[in-house]
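J.: Got a structure for you, questions after.
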């Protein structure tokens, strides 16, 4: 058994105090210790973007961070995006309406990445969206549905009160 | 995949970090983790001790210093990307930053981490070579400055001592109105460049180039300053012929050959991207400011 430490952090609005092995990645911590399996692991070396979560509002690859480094952080995973159990976030609705997902493996990373991006850039061009998701691999959609969904979501979010968006995140 | 077991240290000061580095065997510094974490996950790196710099005070700042900028080693790449001071004083760096990895890796990755890892196709080392950066490091014996031309020690290795910590980087600014251009070719936006080119130009009122810097990344074991091209540029008029001739001198480089591209392909890119970077730099010169 490896060295352990205690970390206190907030995940999707819930405070946790957990003992973690120091070599445990944040991604494995979320999935195995907290049971939040919505964060997917594709490559586990920072290429595919499937494990992207928001750490203090910024999109981060959870496979490239240790759980012990997340002490004091406020984390949002895909499970924390929707405003309630029976309502989807406008970005999720836009993905459903525009065929932005097929198998769904890349979707959690796409959603968390785009959530941060659209907060910084509420009126992006198609090119800017393509660049924003350049670090997220999708093997089903050919990306077109995802681009359409992101542009549609931007429009929906522009029509919404900014304070109604999920917690966390500051503009640069 | 999991990192191999290690003992984790999270010092609060630089002195403490250096003390750990000097006293522990097989220890590795962890900055933003965007290079070291993949190496740990794949177990290319198997350190007995990981010294996390993320809680060390005072290593994260962007400030004006002398005639340029000083960037702290633990400054996140995102902060450099969105810094007004960087855009104003080091526009070349501002142009290159969005090409450094992806949004998610720039949110976590650090300026100094990229330099210490020293991948020759990474943008930050290439820009530092173009600007003649000065790297400040500190070890048990005190701090010292390393001129960037002396920083490279080979592929993925620098002239920093095993017990030294990178503190900050000084980037001397070029004259107001200077021209700059950064060009790269990668298979996917944000991937390591197969070849990149960074160009800086200043000119006199007669339209002749007075100062030139041309650097190629991704082609050798470290970013390469192209001295023959720079010599051909200074004193010449800024024209398509001048830039084409200067770029052509890059064809003879002893280029890397790997799974991504054969050497001859990189040599071709070196010529094309050098020319584009120089032309872009020239088109951005502000003659009114003497650039």
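Residue numbers (my numbering), protein chains in the order written: chain A, 1 to 172; chain B, 1 to 291. Glycine included, each C-beta is placed from N, C-alpha and C at the ideal position.
Are the C-beta atoms of residue 140 of chain B and some chain A residue less than 8 Å apart?
T.: No - not a single Cβ of chain A is within 8 Å of the one on residue 140 of chain B.
J.: Can you tell me where the alpha helix (DSSP H) holding residue 90 of chain A begins and where it ends?
T.: Residues 90–97.
J.: Mapping the DSSP letters down to three states, classify residue 145 of chain B as helix, strand or coil.
T.: Residue state, collapsed to three classes: strand.
J.: Counting contacts by CB-CB distance shorter than 8 Å, is residue 105 of chain A in contact with chain B?
T.: It does not: the Cβ of residue 105 of chain A has no partner Cβ on chain B nearer than 8 Å.
J.: Taking its Cβ as the centre, do 16 or more other Cβ atoms sit within 10 Å of residue 52 of chain B, making it buried, or is it exposed?
T.: That one is buried.
J.: Could you give the DSSP three-state label for residue 45 of chain A: helix, strand or coil?
T.: In the structure shown, residue 45 of chain A sits in coil (DSSP, three-state: anything other than H, G, I, E or B).
J.: Between the region 220–227 of chain B and the region 69–87 of chain A, can you find at least three pairs of beta-carbon atoms closer than 8 Å?
T.: Segments in contact, no.
J.: Going by the beta-carbon positions, is the gap between residue 31 of chain A and residue 46 of chain A smaller than 8 Å?
T.: No, they are not a contact pair.
J.: Could you spell out the range, first to last residue, of the beta strand (DSSP E) harbouring residue 182 of chain B?
T.: Looking at the DSSP string, the run of the beta strand (DSSP E) that includes residue 182 of chain B is 179–185.
J.: Return the residue from the list B:82, B:63, B:179 that minimises the CA-CA distance to residue 120 of chain A.
T.: The option with the nearest alpha carbon to residue 120 of chain A is B:82.
J.: Beta carbon of residue 32 of chain B, beta carbon of residue 134 of chain A: below 8 Å?
T.: Not a contact, by the Cβ cut-off of 8 Å.
J.: What does residue 61 of chain A pair with, by DSSP beta-bridge criteria?
T.: BP columns for residue 61 of chain A point to A:52.
J.: When you compare the CB of residue 58 of chain B with every CB in chain A, is at least one pair closer than 8 Å?
T.: No - not a single Cβ of chain A is within 8 Å of the one on residue 58 of chain B.
J.: Is the Cβ-Cβ distance between residue 53 of chain A and residue 37 of chain A less than 8 Å?
T.: No, the Cβ-Cβ distance between residue 53 of chain A and residue 37 of chain A is not below 8 Å.
J.: So the beta strand (DSSP E) residue 149 of chain A belongs to, where does it begin and stop?
T.: Per DSSP, residue 149 of chain A belongs to no beta strand (DSSP E); it is in the alpha helix (DSSP H), 144–158.
J.: Taking the alpha carbon of residue 145 of chain A as the point to measure from, which residue in A:154, A:115, A:122, A:95 has its own alpha carbon closest?
T.: Looking at the Cα atoms, A:95 is the closest of the given residues.
J.: What does DSSP give as the partner residue(s) for residue 62 of chain B in the beta ladder?
T.: The partner list for residue 62 of chain B (beta bridge, DSSP) reads B:71.
J.: With 8 Å set as the bound, which would you pick, yes or no: does the beta-carbon of residue 295 of chain B sit closer than that to a beta-carbon of chain A?
T.: Chain B is shown from 1 up to 291; residue 295 of chain B falls before or after that span and cannot be answered.
J.: Identify, in the order they occur along the chain, each residue of the same chain with its Cβ nearer than 6 Å to the Cβ of residue 160 of chain B, setting aside the five sequence neighbours on each side.
T.: For residue 160 of chain B, where only same-chain residues beyond five positions count, the Cβ hits under 6 Å are 137.
J.: Which same chain residues end up closer than 6 Å to residue 113 of chain B when comparing Cβ atoms and leaving out the 5 residues on each side of it in sequence?
T.: Excluding positions up to five away in sequence, the list reads 31, 32.
J.: Quick one: what's residue 237 of chain B bridged to in DSSP?
T.: Answer is B:208, bridged to residue 237 of chain B.
J.: Could you tell me whether the region 36–48 of chain B touches the region 64–82 of chain B, where touching means 3 or more Cβ pairs closer than 8 Å?
T.: In short, these stretches do not touch, since the Cβ pair count stays below three.
J.: Taking only beta-carbon positions, decide if residue 44 of chain A is within less than 8 Å of chain B.
T.: Yes, residue 44 of chain A counts as interfacial toward chain B.
J.: Can you tell me which of the three DSSP states residue 33 of chain A falls into?
T.: In this structure, residue 33 of chain A counts as helix in the three-state DSSP scheme.
J.: Using a Cβ-Cβ cut-off of 8 Å, state whether residue 188 of chain B counts as contacting chain A.
T.: Yes, because at least one Cβ of chain A sits closer than 8 Å to the Cβ of residue 188 of chain B.
J.: I'd like to check one pair, residue 44 of chain A with residue 41 of chain B: are the Cβ atoms closer than 8 Å?
T.: Their beta carbons are under 8 Å apart, which means residue 41 of chain B touches residue 44 of chain A by this criterion.
J.: Short of 7 Å in beta carbon distance, which residues of its chain neighbour residue 228 of chain B, apart from the five on each side in sequence? Order them along the chain.
T.: Excluding positions up to five away in sequence, the list reads 249.
J.: When the Cβ atoms of the region 256–264 of chain B are set against those of the region 225–244 of chain B, are three or more pairs found closer than 8 Å?
T.: No, the region 256–264 of chain B is not in contact with the region 225–244 of chain B.
J.: Relative to chain B, which residues along the region 47–60 of chain A have a C-beta separation below 9 Å, given in chain order?
T.: Flagged, chain order: 47, 49, 52, 55, 58, 59, 60.
J.: Taking residue 90 of chain B as the reference, which of B:74, B:128, B:27 has the closest Cα?
T.: Ranking the options by Cα distance to residue 90 of chain B, first place goes to B:128.
J.: Let me see if you follow: with CB-CB separation under 8 Å, is residue 290 of chain B close to chain A or not?
T.: For residue 290 of chain B, the predicted model reports a pLDDT of 49, less than 50, meaning its position is unreliable and no value from the coordinates is stated.
J.: For residue 172 of chain B, list the residues DSSP reports as bridge partners.
T.: Bridge partners of residue 172 of chain B: B:68.
J.: Report the three-state DSSP secondary structure of residue 124 of chain B (helix, strand or coil).
T.: Here residue 124 of chain B sits in helix by DSSP.
J.: Buried or exposed, going by whether 16 or more other CB atoms sit within 10 Å of the CB of residue 10 of chain B?
T.: Residue 10 of chain B is buried by the Cβ-count criterion.
J.: Cβ closer than 7 Å: which chain B residues qualify as neighbours of residue 69 of chain A?
T.: Simply 52, 54.
J.: Please classify residue 157 of chain B as buried or exposed, where buried requires at least 16 other C-beta atoms within 10 Å of its C-beta.
T.: With fewer than 16 Cβ atoms within 10 Å of its Cβ, residue 157 of chain B is classed as exposed.
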